[in-house]
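Residue numbers (my numbering), protein chains in the order written: chain A, 1 to 157; chain B, 158 to 314; chain C, 315 to 471; chain D, 472 to 628.
Input: a single structure, listed below in structure tokens.
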């Protein structure tokens, strides 16, 4: 039997958890620090950034692996950073147009992963970057993402 | 001139912020509560969930709009929830295969948005769902996402 | 054992088929007519187009179902057409930024499918549209696509 | 003024063109030969295929560049081929789950492009591959695609 009540109950529990007071007291614009805290920047060169992180407890899903949402956040944040290594892009205001991620393998708590962001192109108005997450030990791909940004001259899109 | 040092400095600042101690002390598996806290479940029916939220300060980006990463997290979490309204899917262990999001318009702090998740299909092994974020006042689309999950019989993928 | 030779042989056969002479003699810019020939336009309104087609023999894959590439071509062509129902977009030159498709179910030879293109937004520079292919008889979704275009003022991107 | 009539007229013209009789007389399962005819296979190794082609007249769009739909067809066909270089995948029946493409730059008639397909993983049930199209002369990326397939043991999905 379909159990809608259970889905509803679980969603409401999550959205009203015992951690609610911690969450409510969080500072403004907390999303990026929440995700990237502890990520080490290993290399920054024109059009390419390599970082590494040990999968932290707070970003785990119920299967004890890196949460799919956190993976996309990494694609978002480090893809953008790679685009801003370009001198033209650096003078623009970027807005995300599209982000997509393929989940290829699980990265478990405590595993070290390497994050490589590679710019495919910074055009006059559109920039495209790929971000690959790999296990540092084996080189196995964990996730592959692509991020397309619109580069506005002024802040008015 | 390309300013790699600045990109590197900014990334390292973010990953080592003054909020670091708050982030480090966060409980296990904190990603979902962090995102969904405060989201109201308005409707749960077979294959469809509607929720609503007022864009909270903690999920803003530097332009004071809902962070693109938070948008994907919503597509991830509420897309999954809609899939689990299906009786077959409910008995399976799901793993994300692909998530993609198109950013259509900005949703600013304090705006109320409606989140509609609609299952396209729950097959024997693959389930696909769309998640649309809209401004409640105008109905204008903020973002459109799609989430594909693999449904495993056992927990071994 | 991995059989590279076989993959290579098959690829080369396909790229040098007995139909080669037919293909070589094809007129300029033949891709769109090749795909859309026989598609019926049922409705054109601002921001929305509905078409229908009976899956033709030439667009089948080896499993006798609509070829995945043809599905994307439909998302490309009819998504664009829906965008051009907008008066602003109609005066611009569009270039595809991103196309993505989820394959949800097979549509077999002779089945009638309905194609619905819905514009999510035509902004100043970016337009986004979804295209859904459904079986006409049952309403079951066959594929769901999204197409993002850049709208240039002049023809120079 | 919005010109629905014009959009409708153009769509109907395309779907009922003077080339209609050529298209109608095309053989069964003609989509792949139509696209891949003339593509040269340069390298096939486990998990990787490199091909090259000179952009042919029949695959041009109205801007005299490789048609976006043809680009996806290449991602579809050559991505699949790379997956089948894997011995496990070779014994399965694959079905496309998701294809996405970012259009990065135009490839004009007569330009030589290189197509590199790289398998990210062939798992027990899901395989993921990236396909990049580059200009042979400059190495500049033309398009980047990703293709996810479901690998079924039998032909029943």
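Ideal Cβ positions, reconstructed from N, Cα and C, are used throughout, including at glycine.
No experiment lies behind these values; they were computed from the predicted model shown.
Checklist entry - Shortest alpha-carbon distance to residue 433 of chain C belongs to which of C:358, C:417, C:378, C:376? => result C:358
Checklist entry - Straight-line CA distance for residue 82 of chain A to residue 117 of chain A? => result 6 Å
Next on the checklist: Taking the straight line between their C-alpha atoms, what separation do you get for residue 482 of chain D and residue 405 of chain C?
Outcome noted: 17 Å
Checklist entry - Relative to the C-alpha of residue 565 of chain D, which residue among D:522, D:555, D:617, D:573 is closest? => result D:555
Next on the checklist: Give me the residue from B:269, B:308, B:264, B:292 with the minimum Cα distance to residue 218 of chain B.
Outcome noted: B:264
Item to check | Coil, strand or helix - residue 305 of chain B by DSSP | outcome: strand
Checklist entry - Taking any Cβ of chain D, which residues in the stretch 104–122 of chain A have a Cβ under 7 Å from it, in chain order? => result 104, 105, 120, 121
Item to check | Interfacial residues, the stretch 280–296 of chain B to chain D, with Cβ spacing under 9 Å | outcome: 280, 281, 282, 283, 285
Checklist entry - residue 104 of chain A to residue 602 of chain D, Cα distance in whole Å? => result 16 Å
Checklist entry - Ordered along the chain, which non-local residues of its own chain (more than five positions away) have a Cβ less than 8 Å from that of residue 469 of chain C? => result Note on residue 469 of chain C: pLDDT 49, under 50, position unreliable in the model; the coordinate value appears next. Within the same chain, residue 469 of chain C has close Cβ partners 407.
Checklist entry - What are the boundary residues of the beta strand (DSSP E) that includes residue 574 of chain D? => result 564–574
Next on the checklist: Against chain A, with Cβ distances strictly below 7 Å, would residue 412 of chain C count as a contact?
Outcome noted: yes
Checklist entry - Do residue 41 of chain A and residue 165 of chain B come within 7 Å of each other at the CB atom, strictly closer than that value? => result yes
Item to check | For residue 130 of chain A, the first and last residue of its enclosing beta strand (DSSP E) | outcome: 126–135
Checklist entry - When we look at the beta-carbon of residue 463 of chain C and count the other beta-carbons within 10 Å, is it buried (16 or more) or exposed? => result buried
Item to check | Member of D:518, D:612, D:509 whose CA lies at the smallest distance from the CA of residue 121 of chain A | outcome: D:612
Item to check | Closer than 7 Å at the beta carbon, the chain A residues around residue 462 of chain C | outcome: 97, 98
Item to check | Burial state of residue 567 of chain D (16 or more Cβ within 10 Å) | outcome: buried
Checklist entry - Which same chain residues, not among the five before or five after residue 471 of chain D, have their C-beta less than 8 Å away from its C-beta? => result Residue numbering for chain D in the displayed model covers 472 to 628; residue 471 of chain D lies beyond these limits and cannot be assessed.
Checklist entry - chain A beta carbons: is any one of them nearer than 7 Å to that of residue 200 of chain B? => result no
Item to check | CA-to-CA distance, residue 235 of chain B to residue 211 of chain B, given in whole angstroms | outcome: 16 Å
Next on the checklist: Taking only three categories from DSSP, how would you classify residue 472 of chain D?
Outcome noted: Confidence in residue 472 of chain D is poor, its pLDDT being 34 and thus under 50, which makes the residue's placement unreliable; the coordinate value appears in the next sentence. In this structure, residue 472 of chain D counts as coil in the three-state DSSP scheme.
Checklist entry - Are residue 63 of chain A and residue 35 of chain A closer than 7 Å when you measure CB to CB? => result no
Checklist entry - Helix, strand or coil: which one does DSSP assign to residue 140 of chain A? => result coil
Checklist entry - Do you know how far the Cα of residue 292 of chain B is from the Cα of residue 521 of chain D? => result 46 Å
Checklist entry - Would DSSP call residue 432 of chain C helix, strand or coil? => result strand
Next on the checklist: Whole angstroms are fine: how far does the CA of residue 402 of chain C sit from the CA of residue 361 of chain C?
Outcome noted: 12 Å
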